[in-house]
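Below: the structure, in structure tokens.
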Amino acid sequence: MASSVASYFSIQNQMNHRESVGKSRRAVTAVKDVMLSLLDAETGNRGYQLTGQESFLEPFNRSLAEYSKTFQYARSLEITDPHQKKLLDELEKNVEHNLASLKLFVQNRRKGMMMTKEQIQESKAYMDRSRQIVKEFSQYEENQLAIKNRDLNRSSNTTVMFIIFSAIAAIIVTTIFYLKLRSDLIRREKLENMLKAKDLEITRRVSAIQKIANRVANGDYSQKVVDNAEDDLGDLVESLNHMTESLKFSFDTINKSDWRQKGLAILNESLVGNKTVKEVATAALHQLIDYGKCINGSVYMYDDGLLRLITAFGLENNMKKLLSREKE
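Residue 696 is where the sequence shown starts when you use our numbering, and the numbers rise one by one after that.
In structure tokens:
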């Protein structure tokens, strides 16, 4: 922003210098045109004075018409320098006095009166003074023009420097913004990829938890979810595994209790009725072997300090008939 403002003022200053230079050149041209008009008038008068022919008054008449326009243009330049304004006023006064004298000389010539030596010298003095004024005016403007040209060149160089600096600053700012924008886009893309990967991971973990939960709901308590992530979903997995273990323990306990109670009920049914000790032992043994899916078994009865074999199933020949209590 600062470089742009500085460039604007530098360019504006350069334009002002150019306008000032152009104004000085136009002022010099204008006063020289005034002098040319005066020279035309003087030339026409001298020719007419020598020959008396009206054709020689053509430049004289033309200069009278052009003079007012030329001086009006010079005034329109709005010269503000006091020295130049003074010279311009003096030139106007001198030229008008000279033209008035020339008009009088022409009128006298038409009446047959030639210019006297004194009048010729007077006219020459006005012309010389006009030339001197124009010369002073032009030299002063040329000096000012040299100064203005130096200022213009310096302003041009300054403007070029500001433009180059502004261009470099714009490139640097653009590069910084590009790198920042590129960094933001790369970071945003990485974040988006991380979120997508996280979403896929969460979807996979939730799907695995859902499958295990369905199996647990169907009575399969042997499954566990393996998830070591330390987040809310990991806590949920830990809670699910803990719930599965609790359910497995509870149902295992219930199943064992039911199995034992059912076995006792069947055993009681097999013992109902009037039966001897051997029949009761045999029926009980067979019922236990069958319910427990055993391959052999035996029943001993304590009698007078000894354990006496009452009944056996499988490997009967290898079982001892009597056992002392110590061996027991």
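From the three backbone atoms N, C-alpha and C, an ideal C-beta is built for every residue, glycine too.
- Contact between the stretch 809-818 and the stretch 771-787 is not established, with fewer than three Cβ pairs separated by less than 8 Å.
- Around the beta-carbon of Q839, 16 or more other beta-carbon atoms lie within 10 Å, marking it buried.
- Every unbroken stretch of the alpha helix (DSSP H) spanning 4 or more residues and falling wholly within the stretch 930-1005 is given here in chain order: 972-987.
- For Q982, the closest C-alpha among the options E753, D998, L962 is that of L962.
- By the CB criterion at 9 Å, A979 and L966 fall inside the cutoff.
- Under the Cβ criterion (8 Å, minimum of three pairs), the stretch 729-746 counts as touching the stretch 762-776.
- With respect to L786, I828 sits close: the two C-beta atoms are nearer than 9 Å.
- Counting along the chain, the unbroken alpha helix (DSSP H) around D784 starts and ends at 777-805.
- Judged by DSSP secondary structure, E761 falls within the alpha helix (DSSP H) whose first and last residues are 753-771.
- L759 and L847 have their alpha carbons spaced roughly 38 Å apart.
- Exposed is the label assigned to G807, since fewer than 16 other Cβ atoms lie within 10 Å of its Cβ.
- In the same chain as Y995, and ignoring 5 residues on each side of it, the C-beta atoms closer than 6 Å to its own belong to L1002, L1004, in chain order.
- Here A1007 is bridged, per DSSP, to S993.
- With respect to the C-alpha of R741, the residue from F860, M889, M822 having the closest C-alpha is M822.
- Rounded to whole angstroms, the gap between the alpha carbons of R721 and M810 is 36 Å.
- With fewer than 16 other CB atoms across the displayed protein chains lying within 10 angstroms of its CB, Y997 is exposed.
- Contact between V790 and S825 holds: CB atoms are separated by about 6 Å, below the 8 Å threshold.
- Annotated three-state conformation of Q748 is coil, per DSSP.
- The DSSP-derived three-state label of T811 is coil.
- Apart from the 5 residues on each side of it in sequence, K727 sits with its Cβ closer than 8 Å to the Cβ of V829, S833 in its chain, given in chain order.
- The C-alpha of R900 is placed about 48 Å away from the C-alpha of I984.
- Going by C-alpha positions, D947 is about 37 Å away from L895.
- Burial of S719 is indicated by the presence of at least 16 other C-beta atoms within 10 angstroms of its C-beta.
- Around T738, the same chain offers P754 as residues with beta carbons nearer than 7 Å, after the five sequence neighbours per side are excluded.
- Secondary structure of N913 (DSSP, three-state): coil.
- Residues G958, I961 of the same chain have their beta carbon placed closer than 7 Å to that of Y986, with the five preceding and five following residues left out of the count.
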